[in-house]
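Heads up: the sequence shown at position 91 corresponds to 110 in my numbering, and the numbers run straight through without jumps. Cβ coordinates follow ideal geometry from the N, Cα and C atoms, glycine included. Let me begin by presenting the structure, written as structure tokens, before commenting on it.
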Amino acid sequence: MLAKNNNTIEDICEVSLKSVWGNTFPDLAAIYTTLSKIQWKSRSRQTPNGSIYDNTLELSYPGLNDKQFKELDDLIRGMYQVRVRTEKDQYYDLAWEDCPMAASISFNNGRTEITFSQKAIEPIKYIGAAADPVEELGFPYTLTFTLS
Numbered sequence: 020m021l022a023k024n025n026n027t028i029e030d031i032c033e034v035s036l037k038s039v040w041g042n043t044f045p046d047l048a049a050i051y052t053t054l055s056k057i058q059w060k061s062r063s064r065q066t067p068n069g070s071i072y073d074n075t076l077e078l079s080y081p082g083l084n085d086k087q088f089k090e091l092d093d094l095i096r097g098m099y100q101v102r103v104r105t106e107k108d109q110y111y112d113l114a115w116e117d118c119p120m121a122a123s124i125s126f127n128n129g130r131t132e133i134t135f136s137q138k139a140i141e142p143i144k145y146i147g148a149a150a151d152p153v154e155e156l157g158f159p160y161t162l163t164f165t166l167s
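Given below as structure tokens:
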């Protein structure tokens with residue numbers, strides 16, 4: 020029987036975060052420009068102790084002005100549980116409470132990029148499809164980025 024390749028995710032259209040530090044967030048869509056690109060990268064490597072997964076999720080925005088960049092940088096720093104939705108309404112957990120992703124932000128070639136990264140000993144988790152992920156999947160979102 021073939022298993023779903025959980026490290027390959029195509030067409031991510033929504034990223035939802037929950038701070039493991041309990042941070043709450045305003046509606047970013049009202050403050051910042053529209054998200055223009057979501058990119059997922061996962062690489063696995065074998066070590067004497069087993070597999071290690073190097074995971075990176077990048078969110079790209081058109082360039083923000085200096086004030087917006089500083090506000091977003093102050094807001095987004097931290098460690099997060101991360102869940103994504105694909106255009107086919109499939110959900111994946113990329114990071115969970117005991118293995119969160121670290122957030123960083125940079126300005127590159129006229130674009131602002133928020134990068135979430137982690138090294139994990141478990142692969143990402145395919146959750147399935149759900150009409151209402153908050154109720155059906157039990158993940159209380161606190162910050163959501165949607166690709167328009």
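Length of the line joining the Cα atoms of residue i and residue j
i: Ala139; j: Asp85; result: 34 Å
i: Arg64; j: Val39; result: 27 Å
i: Gly41; j: Glu116; result: 11 Å
i: Lys37; j: Arg102; result: 9 Å
i: Arg130; j: Ser79; result: 7 Å
i: Thr105; j: Pro67; result: 34 Å
i: Asp92; j: Asn74; result: 21 Å
i: Ile71; j: Lys89; result: 33 Å
i: Leu76; j: Arg62; result: 12 Å
i: Thr53; j: Glu141; result: 32 Å
i: Glu132; j: Phe126; result: 6 Å
i: Tyr111; j: Pro81; result: 26 Å
i: Ile143; j: Leu113; result: 5 Å
i: Lys56; j: Gly69; result: 33 Å
i: Lys107; j: Gln58; result: 16 Å
i: Ala148; j: Val34; result: 15 Å
i: Thr134; j: Lys60; result: 11 Å
Segment limits, alpha helix (DSSP H) that includes residue i
i: Ile133; result: Per DSSP, Ile133 belongs to no alpha helix (DSSP H); it is in the beta strand (DSSP E), 130–139.
Helix, strand or coil at residue i according to DSSP, with G and I counted as helix
i: Asp93; result: helix
i: Asp112; result: strand
i: Phe164; result: strand
i: Asp73; result: strand
i: Ile124; result: strand
i: Pro119; result: coil
i: Thr53; result: coil
i: Glu33; result: strand
Per DSSP, cross-strand counterpart(s) of residue i
i: Trp40; result: For Trp40, which the question treats as bridged, DSSP gives no partner whatsoever.
i: Lys86; result: According to DSSP, Lys86 bridges with nothing at all.
i: Ile28; result: DSSP, once it has assigned bridges, lists no residue as partnering Ile28.
Limits of the beta strand (DSSP E) - the one that residue i falls within
i: Lys60; result: 56–66
i: Ile146; result: 144–148
Any contact between the region 118–135 and the region 94–110? By contact I mean 3 or more CB pairs, one from each, below 8 Å.
Yes, they touch.
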